[in-house]
Amino acid sequence: MYYGEELIERVREANDIVDVVGTYVKLTRRGSNYVGLCPFHNEKTGSFSVNKNLQIYKCFGCGKAGNVFTFLMEYDNLNFVEAVKELADRAGIPLPEQELTEEEKENRDMKERLFEVNKAAAGFYFRQLRSDAGRKAYEYLRGRALSDETMKKFGLGYAGHGSGRLYEYLKQQGFSDRVLHESGIFTFSERGISDKFWDRVIFPYMDKNGKVVAFGGRLMAPSEKAPKYLNSPETRIFIKGKHLYGMHLARHSHEKYMLLCEGYMDTIALHQAGFDNAVGSMGTALTPQQAKLIASYVSEVVLTYDQDEAGRNAILRAIPILKEAGIVTKVVDMTPYKDPDEFIKNLGADEYRKRIEEAVTAFDFEAKSLRNKIDGTDPAQKTKFDHELAKKLAKIEDELERNNYIEAAARDYNIDINALRRQVNEYGRQLYNERVAEETQERAKEERRRMAGEKDSAVRSEQLLLSMLANNADLYESVKDLITEEDFSDPLCNKLVSLIFASYANNGRPVHANIVCRFEEVKDQEEVAGILNSALYEDRIGEDEKKKAFADLVVRVLDDSLELRMQRALEADDARLWQELMHRKNDLEALRGRLKSKM
């Protein structure tokens with residue numbers, strides 16, 4: 001399948017790489033680059049770099065690199081065509097219908113059919129809830145104080161007692177057994193085909209765009225043979241850890257924060273009470289992918305998990321995940337009630353809003369949780385608590401914020417402030433030393449990886465020269481008539497130099513992301529993106545040394561090229577050519593001086 005270069009370039013230009021990558025990775029500006037933790041490998045040093053000017057990314061830890069297309073391909077496991085489509089859709093750019101490979105067509109068609117079958121199933125469940133068969137389920141939801149409007153808003157439904165009613169209905173709608181099997185809402189066995197959900201209140205799961213991707217069901221009649229709650233399995237269109245219940249609604253809220261619940265009933269209750277910024281983690285532990293999804297819309301979360309021990313433990317697990325995603329976290333105290341649904345029924349939405357305003361910081365919640373686990377009258381336990389508190393305080397990076405928390409902690413937990421400050425500083429030094437050690441180890445690993453895959457020095461010189469050429473128009477002007485693609489021995493560099501020169505000639509500057517697209521293989525795109533990234537030479541060459549280094553590289557590349565051509569001239573017994581090349585080789589030192597004086 002093929003899209004024209006002009007269209008691909010239009011899509012790329014409409015999707016700023018910093019904006020796109022920033023929805024997945026917390027980026028911090030550092031000079032002309034934006035840096036963050038690499039999403040492709042585990043690290044703590046932030047070796048992932050995105051360049052806004054060049055519209056490319058590069059991880060100096062794992063080596064992943066490319067443009068906005070390759071980022072989506074790597075992150076979401078897409079092929080190039082799928083990445084182009086997603087970015088075109090993001091930018092509102094229509095794409096012409098194209099011929100697909102059989103595999104692409106099968107995958108596209110199956111995904112479309114899965115969305116269709118889920119939509120049809122949701123409609124079936126919705127109607128069942130309002131039928132005589134669904135009266136008990138409807139009364140249950142009304143008993144939970146849900147209005148008809150709320151049930152409709154969330155598409156709530158009912159799966160009846162019959163084990164094959166949905167299957168029969170969808171077969172009548174023309175869906176094949178293959179599609180129904182892939183949907184995950186049926187059980188296929190030697191005994192036949194049966195509906196996965198029966199006698200359950202149904203909660204459709206929707207993606208952020210409002211498309212039904214899966215279902216959750218709550219059993220109406222208690223049974224030892226069936227779980228109280230049942231969810232669809234993962235499919236081509238549903239990965240549980242990447243979705244949040246209610247996100248299709250919450251992402252349109254005008255609030256600057258989101259309320260994060262554990263399950264769908266709490267999410268629904270909050271929306272009905274007027275909190276349209278509530279989402280649920282579907283009853284499972286919060287995942288980094290879900291945290292990143294939240295971070296793409298807001299920078300603050302208020303946790304509204306259950307008030308029991310399991311809920312408190314879930315909060316403690318969620319706090320570092322949210323922090324890693326760059327989200328400021330607070331925690332609501334719903335005492336004396338267990339969850340948002342119960343709280344609002346008893347005290348109302350206004351009181352709940354007050355509790356949100358009074359929500360404690362993540363640090364305060366963690367500190368209180370630690371304090372509740374010890375006997376404050378036992379000096380040994382109190383000392384242990386003080387040390388644990390100091391460790392948490394030491395992790396607060398902002399100095400003013402850390403000092404404010406030290407003062408508050410000393411006051412609230414009866415700790416000598418000077419002793420606490422000294423201990424925090426001591427743990428801070430330990431953390432710093434650990435971080436330095438980790439960074440040193442990471443750099444050593446990176447260097448070993450680099451050396452393991454290092455090409456010979458000639459090719460490295462070619463790559464450094466091209467990196468400097470691609471990022472400095474003045475350097476290009478000084479050598480555009482001196483070097484040609486024939487002077488580059490590496491096939492990739494050979495092609496790249498011609499593209500850089502053509503880009504200067506046609507556009508006045510290299511369009512880096514467009515150059516990357518001219519290479520078909522992903523591994524070539526990654527290598528080219530790495531070469532085009534100015535950090536390739538900036539990490540090795542200071543600004544004051546740049547001109548000298550550039551002149552040396554030009555001479556080195558030309559010298560290697562002439563040596564190779566002289567060898568070929570000897571093999572061809574061409575003495576005249578050999579002598580001509582030798583004269584050019586002897587002039588290289590003079591060329592070095594001229595280059596330095598011109599720049």
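Here the sequence shown stands for residues 1 to 599, numbered as in my numbering.
Backbone N, C-alpha and C define an ideal beta-carbon position, used for all residues, glycine too.
Original post:
When the distance is taken between beta carbons, is Pro340 closer than 8 Å to Thr304?
Top reply: The residue given as residue 304 occupies position 304 in the sequence shown. The residue given as residue 340 occupies position 340 in the sequence shown. Yes, the pair counts as a contact, with Cβ atoms nearer than the cut-off.
Subject >> Three-pair Cβ contact test at 8 Å for the stretch 110-119 versus the stretch 37-50 >> reply: no
**OP:** For the alpha helix (DSSP H) containing Met468, list its first residue and its last residue.
**Re:** Here residue 468 refers to the residue found at position 468 when the sequence shown is read from its first residue. First-last of the alpha helix (DSSP H) with Met468: Ser457 to Asn471.
**OP:** Along the alpha helix (DSSP H) that carries Phe365, what are the first and last residues, could you check?
**Re:** Your numbering for residue 365 matches position 365 in the sequence shown. Here the alpha helix (DSSP H) through Phe365 covers Ala362 to Arg371.
Original post:
Does the beta-carbon distance from Asn194 to Thr187 come in below 8 Å?
Top reply: In the sequence shown, residue 194 corresponds to position 194, counting from 1. In the sequence shown, residue 187 corresponds to position 187, counting from 1. Checking the sequence shown, residue 194 turns out to be Ser, not Asn. Closer than 8 Å, so yes.
Original post:
Going straight from the alpha carbon of Asp560 to that of Asp490, what length do you get?
Top reply: By one-based count along the sequence shown, residue 560 stands at place 560. By one-based count along the sequence shown, residue 490 stands at place 490. For Asp560 and Asp490, the distance between alpha carbons rounds to 12 Å.
Original post:
Looking only at its own chain, which residues have a Cβ that is under 7 Å from the Cβ of Ile344, when we skip the five neighbours before and after it?
Top reply: To locate residue 344, count along the sequence shown from 1; it is residue 344. So the qualifying residues of the chain are Ala269, Ala273 and Tyr352.
Subject >> Span of the beta strand (DSSP E), counted from its first residue to its last, around Pro204 >> reply: Here the question's residue 204 lines up with position 204 in the sequence shown. Segment Arg200 to Met206, the beta strand (DSSP E) holding Pro204.
Original post:
Alpha carbon to alpha carbon, what distance is there between Val50 and Ser32?
Top reply: Within the sequence shown, numbered from 1, the residue matching residue 32 stands at position 32. Within the sequence shown, numbered from 1, the residue matching residue 50 stands at position 50. Distance between the alpha carbons of Ser32 and Val50: 9 Å.
**OP:** Classify Tyr245 as helix, strand or coil using the three-state DSSP reduction.
**Re:** Counting from 1 along the sequence shown, the entry for residue 245 is found at position 245. Reduced to three states, the DSSP call for Tyr245 is strand.
Original post:
Which stretch, first to last residue, makes up the beta strand (DSSP E) that contains Phe124?
Top reply: Residue mapping note: residue 124 aligns to position 124 of the sequence shown, counting from 1. Looking at the DSSP string, Phe124 is not in any beta strand (DSSP E); the run it does join, the alpha helix (DSSP H), is Glu102 to Leu129.
Subject >> Continuous beta strand (DSSP E) assignments of at least 3 residues falling wholly in the stretch 318-404 >> reply: 328-331
**OP:** Kindly indicate the opening and closing residues of the beta strand (DSSP E) around Tyr57.
**Re:** Numbered from 1 along the sequence shown, position 57 holds the residue referred to as residue 57. Counting along the chain, the beta strand (DSSP E) containing Tyr57 begins and ends at Ile56 to Cys59.
Original post:
Relative to the alpha-carbon of Ala226, which residue among His248, Trp198, Lys211 and Phe203 has its alpha-carbon at the smallest distance?
Top reply: Numbered from 1 along the sequence shown, position 226 holds the residue referred to as residue 226. With distances taken between Cα atoms, Ala226 lies closest to Trp198.
Original post:
Where do the N-terminal and C-terminal ends of the alpha helix (DSSP H) with Gly22 fall, by residue?
Top reply: Here residue 22 refers to the residue found at position 22 of the sequence shown. Residues Ile17 to Gly22.
Original post:
DSSP on Asn507, reduced to helix/strand/coil?
Top reply: Numbered from 1 along the sequence shown, position 507 holds the residue referred to as residue 507. Helix at Asn507.
**OP:** Please determine, among Phe69, Glu13, Lys26 and Leu37, the residue with the shortest C-alpha to C-alpha distance to Ala529.
**Re:** Counting from 1 along the sequence shown, the entry for residue 529 is found at position 529. That would be Phe69, whose Cα lies nearest to the Cα of Ala529.
Subject >> Contact under 8 Å by Cβ, Leu129 with Tyr140 >> reply: As a first step, residue 129 must be located in the sequence shown, where it is residue number 129. As a first step, residue 140 must be located in the sequence shown, where it is residue number 140. Result no, Cβ atoms of Leu129 and Tyr140 do not sit closer than 8 Å.
**OP:** Hey, could you find the ends of the alpha helix (DSSP H) Tyr34 is sitting in?
**Re:** If you number the sequence shown from 1, residue 34 lands on position 34. Here Tyr34 belongs to no alpha helix (DSSP H); instead the beta strand (DSSP E) covers Asn33 to Gly36.
Original post:
Among the residues of its own chain, which have a CB less than 7 Å from the CB of Glu407, if the five just before and after it don't count?
Top reply: Against the sequence shown, residue 407 aligns to sequence position 407. Result list for Glu407: Ile417, in chain order.
**OP:** Please list, in chain order, all residues of the same chain as Ala83 whose beta carbon is under 7 Å from its beta carbon, the five residues on each side excluded.
**Re:** Counting from 1 along the sequence shown, the entry for residue 83 is found at position 83. Within the same chain, Ala83 has close Cβ partners Phe69, Leu72 and Met73.
Original post:
Is the stretch 562-576 touching the stretch 502-522 in the sense that three or more CB pairs, one from each, lie closer than 8 Å?
Top reply: no
Original post:
Since Ile17 contacts Asn67 with CB under 8 Å, what's their CB separation in whole angstroms?
Top reply: Taking the sequence shown and counting its residues from 1, the one referred to as residue 17 is at position 17. Taking the sequence shown and counting its residues from 1, the one referred to as residue 67 is at position 67. About 7 Å; that satisfies the 8 Å criterion.
Subject >> Nearest residue (CA-CA) to Leu420, options Tyr405, Leu431, Ser163 and Tyr432 >> reply: Counting from 1 along the sequence shown, the entry for residue 420 is found at position 420. That would be Tyr405, whose Cα lies nearest to the Cα of Leu420.
Original post:
With which residues is Phe80 paired in a DSSP beta bridge?
Top reply: The residue given as residue 80 occupies position 80 in the sequence shown. Phe80 is not bridged to any residue.
Subject >> Contact check, Tyr229 vs Arg218, beta carbons under 8 Å >> reply: Within the sequence shown, the letter at position 229 stands for residue 229. Within the sequence shown, the letter at position 218 stands for residue 218. Yes, the Cβ-Cβ distance between Tyr229 and Arg218 is below 8 Å.
Original post:
Applying the criterion that 16 or more other CB atoms from any shown protein chain within 10 Å of the CB defines a buried residue, is Arg317 buried or exposed?
Top reply: Sequence index remark: in the sequence shown, residue 317 carries index 317 (1-based). So Arg317 counts as exposed.
**OP:** Have a look at Val81, Phe126, Leu95 and Tyr125 and flag the residue whose alpha-carbon is nearest the alpha-carbon of Glu107.
**Re:** Indexing the sequence shown from 1 puts residue 107 at position 107. Correcting the residue identity first, residue 107 is Asn in this sequence and not Glu. Out of Val81, Phe126, Leu95 and Tyr125, the CA that lies nearest to the CA of Asn107 is found in Val81.
Original post:
Would you say Leu37 and Val25 are within 8 Å of each other, going by their C-beta atoms?
Top reply: As a first step, residue 37 is located in the sequence shown; it is residue number 37 there, counting from the start. As a first step, residue 25 is located in the sequence shown; it is residue number 25 there, counting from the start. Result yes, Cβ atoms of Leu37 and Val25 sit closer than 8 Å.
Subject >> Length of the line joining the Cα atoms of Gly453 and Val331 >> reply: Translated into the one-based positions of the sequence shown, residue 453 becomes position 453. Translated into the one-based positions of the sequence shown, residue 331 becomes position 331. Low confidence applies to Gly453: its pLDDT is 45, below 50, so where it sits in the model is not reliable, and the reading given next is rough at best. For Gly453 and Val331, the distance between alpha carbons rounds to 48 Å.
Subject >> Phe154 (DSSP reduced to helix, strand or coil) >> reply: By 1-based counting over the sequence shown, the position of residue 154 is 154. Correct three-state label for Phe154: coil.
Original post:
For Asp603, which of Gln307, Lys240 and Ser296 has the nearest alpha-carbon?
Top reply: This structure cannot settle anything about residue 603, because the visible part of the chain is limited to 1 through 599.
Subject >> C-beta contact flag for Glu324 and Pro288 at 8 Å >> reply: Here residue 324 is taken as the residue at index 324 of the sequence shown, counted from 1. Here residue 288 is taken as the residue at index 288 of the sequence shown, counted from 1. Contact flag set, yes.
Subject >> Test item: CB-CB of Met282 and Gly216 under 8 Å >> reply: Looking up residue 282 in the sequence shown gives position 282. Looking up residue 216 in the sequence shown gives position 216. Yes, they are a contact pair.
Original post:
Which residue's Cα is closest to the Cα of Arg165: Arg127, Asn313 and Lys153?
Top reply: Indexing the sequence shown from 1 puts residue 165 at position 165. Checked all of Arg127, Asn313 and Lys153; the closest Cα to Arg165 is Arg127.
Original post:
Using the rule of at least 16 other Cβ atoms within 10 Å of the residue's Cβ for burial, across every protein chain shown, is Leu482 buried or exposed?
Top reply: As a working mapping, residue 482 is identified with position 482 in the sequence shown. Exposed, by the Cβ-count rule.
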